[in-house]
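Asker: Before we start, here is the structure in question, set down as structure tokens.
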Amino acid sequence: MNEKAKRYRDFLQQIISSKWLEASMYEGKKMLLIGDGISMGERMNLLGALEQAFANHADQIDKVHLFDPMQMDSQGRLDEAEFPSNVQYDIIFVLDGFEKAGNPCAAAEKIDATLETGGVIVLLGRMAGDDALPDVYLYHDGWRYTPDDLSNLFQGYEVIQKIATRSPFLAACMLRKTGMRTLRETYEQLGEPQLLHKQTGKRVLPSEATALGYFHDGRELDDMGIRCHTDKCTLGNGYLDKYEMFLRPFRKKAFNFLELGVFKGGSTQLWDEYFPNAQVYGVDISPDCKRFAGGDIHIITADLSETTALQSLRSIQPSIIIDDTSHFWSHQIKAICELYSCLPSGGIYIMEDLQTSLNTYMLPGYDDYPMDAYTFCERVARVVAGRCPCPSDTSLAVKISEIGMMTETVTILTGSCIFIKK
59 MNEKAKRYRD FLQQIISSKW LEASMYEGKK MLLIGDGISM GERMNLLGAL
109 EQAFANHADQ IDKVHLFDPM QMDSQGRLDE AEFPSNVQYD IIFVLDGFEK
159 AGNPCAAAEK IDATLETGGV IVLLGRMAGD DALPDVYLYH DGWRYTPDDL
209 SNLFQGYEVI QKIATRSPFL AACMLRKTGM RTLRETYEQL GEPQLLHKQT
259 GKRVLPSEAT ALGYFHDGRE LDDMGIRCHT DKCTLGNGYL DKYEMFLRPF
309 RKKAFNFLEL GVFKGGSTQL WDEYFPNAQV YGVDISPDCK RFAGGDIHII
359 TADLSETTAL QSLRSIQPSI IIDDTSHFWS HQIKAICELY SCLPSGGIYI
409 MEDLQTSLNT YMLPGYDDYP MDAYTFCERV ARVVAGRCPC PSDTSLAVKI
459 SEIGMMTETV TILTGSCIFI KK
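The opening position of the sequence shown corresponds to residue 59 in this note's numbering, with each subsequent residue numbered one higher.
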């Protein structure tokens with residue numbers, strides 16, 4: 059277990075101990091557990107662990123799984139999740155979700171609406187400064203919290219306990235619902251609390267945050283990605299809100315789309331929905347991925363480490379290619395070298411998950427080639443910018459020069475690189 063995962067687990071153990079949580083709060087009560095979309099470089103079934111801890115004590119335990127690309131019954135953002143209907147709970151745990159909520163106040167209102175008067179909520183939130191312990195999924199969080207921020211979200215509640223880790227990582231707050239007035243009524247009277255917006259580093263009103271940042275309008279594709287459980291969305295790697303600017307011109311066109319890598323089928327379903335007139339081709343080494351075929355979705359079984367397998371895909375004549383396969387350096391470089399020239403003028407090639415080239419301390423084992431994939435993209439960009447061939451200091455110089463001379467635009471985005479062909 060890595061350092062961040064261990065610290066999260068230990069912090070949670072501290073909170074559910076008898077020093078923090080009294081048995082009267084949960085014994086024979088109705089309990090709701092929310093979260094488990096946590097990534098600390100490894101997935102932790104914290105909701106399952108909590109359920110097991112309280113299984114012989116609470117009268118009823120329900121769970122709401124937030125976004126997890128590996129779990130198809132999980133939901134999206136906390137403020138958009140569906141809670142069990144017609145149930146009022148005595149105690150609610152929120153393990154995570156406030157970090158990636160579109161509007162944390164709206165999330166708090168949902169929790170308030172399903173909590174009995176006199177009921178208790180336990181909230182966990184990540185603090186500013188926790189990025190010293192790196193995790194790629196946390197880079198796309200929207201909010202950071204102090205214990206006071208968590209309690210301020212629930213204005214009018216009684217504060218039972220507040221705590222934070224010594225070094226900035228996690229904050230927690232335990233509150234009791236005391237009045238009959240809804241949280242919405244409280245916000246209308248007192249106003250929303252200002253919270254720390256991670257992207258800008260400023261304290262802002264949650265209702266104003268949706269207009270912040272250059273890509274704030276790129277929500278349609280990202281919202282589809284959340285529904286389709288692809289980790290390309292902002293609850294995962296955070297690609298889709300940037301991609302939309304490049305892919306929107308193809309929205310209604312009839313063309314062939316090719317993605318290398320199918321995995322759980324989430325992104326294949328996404329592309330079929332976003333491009334209703336396209337033929338979507340997905341390629342994966344696993345024959346099990348054939349189950350995602352149907353309609354305009356075509357699944358090909360192939361080992362893309364083999365040159366002949368890549369060359370056979372040229373006959374698809376795609377206008378867009380996305381490489382989301384193994385992320386080994388050799389595979390990423392081989393794929394673009396074999397497939398890029400088959401794109402038409404204006405065609406798009408996207409190489410994903412370049413963090414395997416750069417974050418080798420987090421993601422070891424992908425360095426199977428003398429040149430990493432990011433450096434390859436960088437060399438192509440130099441050819442495009444300089445309008446001159448790549449220096450012959452690498453065996454890939456000729457291919458880098460060919461691709462660069464065919465390219466109109468190279469754009470480095472969060473974790474990926476986009477090439478647009480002349």
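For every residue, glycine included, the Cβ atom is placed at its ideal position computed from N, Cα and C.
Once you ignore the five residues that flank Arg437 on each side, which residues in its own chain have a CB closer than 6 Å to its CB?
Answerer: Residue numbering aside, residue 437 sits at position 379 when the sequence shown is read from its first letter. Closer than 6 Å at the Cβ level, and outside the excluded window around Arg437, lie Cys448, Ile458.
Asker: Would the segment 288 to 298 count as touching the segment 100 to 110 if we require 3 or more Cβ pairs under 8 Å?
Answerer: Contact between the segment 288 to 298 and the segment 100 to 110 is absent, because fewer than three Cβ pairs lie under 8 Å.
Asker: Out of curiosity, what's the CA-to-CA distance linking Asp148 and Gln118?
Answerer: Along the sequence shown, one-based indexing puts residue 148 at 90. Along the sequence shown, one-based indexing puts residue 118 at 60. Each residue's alpha carbon lies about 10 Å from the other.
Asker: Is the segment 140 to 155 close to the segment 86 to 94, with three or more CB pairs under 8 Å?
Answerer: Taking 8 Å as the limit for Cβ pairs, the verdict is that the segment 86 to 94 does touch the segment 140 to 155.
Asker: Let me know the beta strand (DSSP E) ranges lying completely inside the segment 376 to 442, each 3 residues or longer, listed in chain order.
Answerer: With a minimum length of 3 residues, the continuous beta strand (DSSP E) runs that stay inside the segment 376 to 442 are 378 to 381, 406 to 409.
Asker: Do the segment 347 to 358 and the segment 392 to 404 touch if we need at least three Cβ pairs shorter than 8 Å?
Answerer: The segment 347 to 358 vs the segment 392 to 404: no contact.
Asker: If you drop the 5 nearest sequence neighbours on each side, which residues of the same chain put their C-beta closer than 8 Å to that of Met83?
Answerer: The residue given as residue 83 occupies position 25 in the sequence shown. These residues qualify, in order along the chain: Asp148, Ile149, Val178.
Asker: Quick one, are the C-beta atoms of Leu401 and Ile379 less than 8 Å apart?
Answerer: One-based indexing of the sequence shown puts residue 401 at position 343. One-based indexing of the sequence shown puts residue 379 at position 321. Yes, Cβ-Cβ distance for Leu401 and Ile379 is below 8 Å.
Asker: What does a CB cutoff of less than 7 Å around Lys121 pick up in its chain, not counting 5 residues either side in sequence?
Answerer: For the purposes of this step, residue 121 is taken as residue 63 along the sequence shown, with counting starting at 1. Here the set comprises Leu91, Leu105, Glu109.
Asker: Would you kindly check if the distance between the Cβ of Val320 and the Cβ of Asp342 is under 8 Å?
Answerer: Mapped onto the sequence shown, residue 342 falls at position 284. Mapped onto the sequence shown, residue 320 falls at position 262. Yes.
Asker: Give me the Cα-Cα distance between Asp346 and Gln133, rounded to the nearest whole angstrom.
Answerer: Against the sequence shown, residue 346 aligns to sequence position 288. Against the sequence shown, residue 133 aligns to sequence position 75. So the alpha carbons of these two residues sit roughly 24 Å apart.
Asker: From the DSSP output, which residues share a beta bridge with Trp201?
Answerer: Residue numbering aside, residue 201 sits at position 143 when the sequence shown is read from its first letter. Looking at the DSSP assignment, Trp201 forms a beta bridge with His255.
Asker: Going by DSSP, what residues sit across from Lys479 in a beta bridge?
Answerer: Sequence index remark: in the sequence shown, residue 479 carries index 421 (1-based). Thr465, per the DSSP bridge assignment.
Asker: Taking the C-alpha atoms as reference points, what is the distance between Gly259 and Ala336?
Answerer: Indexing the sequence shown from 1 puts residue 259 at position 201. Indexing the sequence shown from 1 puts residue 336 at position 278. Their backbone Cα atoms lie some 40 Å apart in a straight line.
Asker: To which residues of the same chain is Leu371 closer than 7 Å at the C-beta, ignoring the five residues directly before and after it?
Answerer: As a working mapping, residue 371 is identified with position 313 in the sequence shown. Within the same chain, Leu371 has close Cβ partners Leu316, Val341, Leu397.
Asker: Would DSSP call Gln535 helix, strand or coil?
Answerer: No answer is possible for residue 535: it lies beyond the span of the chain, which begins at 59 and ends at 480.
Asker: Kindly list the residues whose CB is nearer than 6 Å to the CB of Leu471, restricted to its own chain and excluding five residues on each side of it in sequence; keep chain order.
Answerer: Locating residue 471 in the sequence shown gives position 413, where the first residue counts as 1. Counting only Cβ-Cβ distances below 6 Å, and skipping sequence neighbours, we find Lys300.
Asker: Count the other C-beta atoms from every protein chain shown that fall within 10 angstroms of the C-beta of Asp330, then say buried if there are 16 or more, exposed otherwise.
Answerer: Numbered from 1 along the sequence shown, position 272 holds the residue referred to as residue 330. So Asp330 counts as buried.
Asker: Using the three-state DSSP reduction, which class does Gln219 fall into: helix, strand or coil?
Answerer: Looking up residue 219 in the sequence shown gives position 161. Three-state result, Gln219: strand.
Asker: Quick one: residues in its chain with C-beta nearer than 6 Å to the C-beta of Met232, no 5 flanking neighbours on either side, listed in chain order?
Answerer: For the purposes of this step, residue 232 is taken as the residue at position 174 of the sequence shown. Closer than 6 Å at the Cβ level, and outside the excluded window around Met232, lie Val180, Ile218, Gln219.
Asker: With a 10 Å radius around its C-beta and 16 neighbouring C-beta atoms as the bar for buried, classify Cys291 as buried or exposed.
Answerer: If you number the sequence shown from 1, residue 291 lands on position 233. Label assigned to Cys291: buried.
Asker: If you scan the segment 260 to 288 from start to end, which runs of the beta strand (DSSP E) of 3 or more residues do you find wholly inside it?
Answerer: 260 to 262, all fully within the segment 260 to 288.
Asker: Find the nearest neighbour of Glu425 within the set Thr365, Glu460, Trp387, Glu278, judged by alpha-carbon distance.
Answerer: Translated into the one-based positions of the sequence shown, residue 425 becomes position 367. According to the sequence provided, residue 425 is Asp. The question's Glu does not apply to it. Ranking the options by Cα distance to Asp425, first place goes to Trp387.
Asker: Does the beta carbon of Ile379 fall short of 7 Å from some heavy atom of the ligand FAD?
Answerer: Although the ligand FAD was asked about, the structure shown includes no ligands whatsoever.
Asker: Please report the residue range of the alpha helix (DSSP H) in which Thr366 lies.
Answerer: Start at 1 with the first residue of the sequence shown, and residue 366 comes out as number 308. Note, Thr366: alpha helix (DSSP H), 365 to 370.
Asker: If you run the structure through DSSP and keep just helix, strand and coil, what is Met232?
Answerer: Along the sequence shown, one-based indexing puts residue 232 at 174. Met232: strand per DSSP, three-state reduction.
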